[in-house]
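Have a look at the structure below before the remarks.
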Amino acid sequence: MTLTFHIRPANVNDVDAMLKLVRDLATYEKEPESARATPALFRENVFEKKYAHTLLAFDGTPEAPGIALGMALYFFNFSTWTGKPGLFLEDLYVSPHARNQGIGKALFAELGKVAQEKDCARLDWSVLKWNTPSIAFYEKKLEATAMEEWMGMRLEEQGIQNLQKLAVHAD
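Quick note on our numbering: the sequence shown kicks off at 7 and runs consecutively.
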């Protein structure tokens, strides 16, 4: 059976649906305890401060939407090498029961439109090494290139705070 769906930008009324998909993604990635975002944090940082943007895929039509089936949360960065903005896909997730229906492809198509509208030189994302179904999709269907020479690095809140120890202090 073919699934009918549509994609639209998220709005503040979608926060609960977005967080459900984020929690489902965290469970899929075997880290449910790491998903600590709250509705208040999403409202503030996604919709008020606009640090990120989200596309949501819904069951049904725009006139009669059903439940959220998938999402792509992204933000813009900048490449000093190209002198242009880039789009970084933070999370892409499609609910298991809605996979293989074209939702992931459609979300990427929408991201491509956004990247072209903003004159982005790149669209980047990360994928867990064990997530072979996604890697195969990215490489075969999207013709994406693995960045094998690069390793992701991260500082979390305590690490960011510790950076203050490196500050130069004028006496």
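Here a beta-carbon is modelled for each residue, glycine too, at the ideal position from N, C-alpha and C.
Beta bridge counterpart(s) of residue i as assigned by DSSP
| i | result |
| --- | --- |
| L129 | L93 |
| V100 | G76 |
| S85 | K90 |
| R14 | L62 |
| P71 | G66 |
Contact check, residue i vs residue j, beta carbons under 9 Å
| i | j | result |
| --- | --- | --- |
| Y225 | G76 | The shown model of the chain, from 7 to 177, leaves out residue 225, and the question about it has no answer. |
| D65 | L27 | no |
| Q6 | F48 | Nothing about residue 6 can be read from this structure; the chain reaches only from 7 to 177. |
| S132 | G158 | yes |
| K147 | K111 | yes |
| R5 | L61 | Outside the displayed range of the chain (7 to 177) lies residue 5, so it cannot be described from this structure. |
| L161 | L172 | no |
| A16 | H59 | yes |
Integer Cβ distance of residue i from residue j, believed to fall under 8 Å
| i | j | result |
| --- | --- | --- |
| Y80 | L117 | 6 Å |
| L63 | L113 | Checking the sequence shown, residue 63 turns out to be Ala, not Leu. At roughly 6 Å, the Cβ-Cβ gap stays under 8 Å, so A63 and L113 are in contact. |
| P45 | D22 | 7 Å |
| D97 | L25 | With a Cβ gap of about 12 Å, D97 and L25 do not count as contacting. |
| L134 | E35 | 6 Å |
### Message
Between the stretch 77-96 and the stretch 116-127, can you find at least three pairs of beta-carbon atoms closer than 8 Å?
### Response
yes
inquiry  = Under 8 Å, with one C-beta from each stretch per pair, do the stretch 49-56 and the stretch 82-91 reach the 3-pair mark?
reply    = The stretch 49-56, when compared against the stretch 82-91, does not touch it at the 8 Å Cβ threshold.
Can you give, in chain order, each stretch of the alpha helix (DSSP H) that sits fully within the stretch 142-175 and has at least 4 residues? Listed in chain order, they are 163-168.
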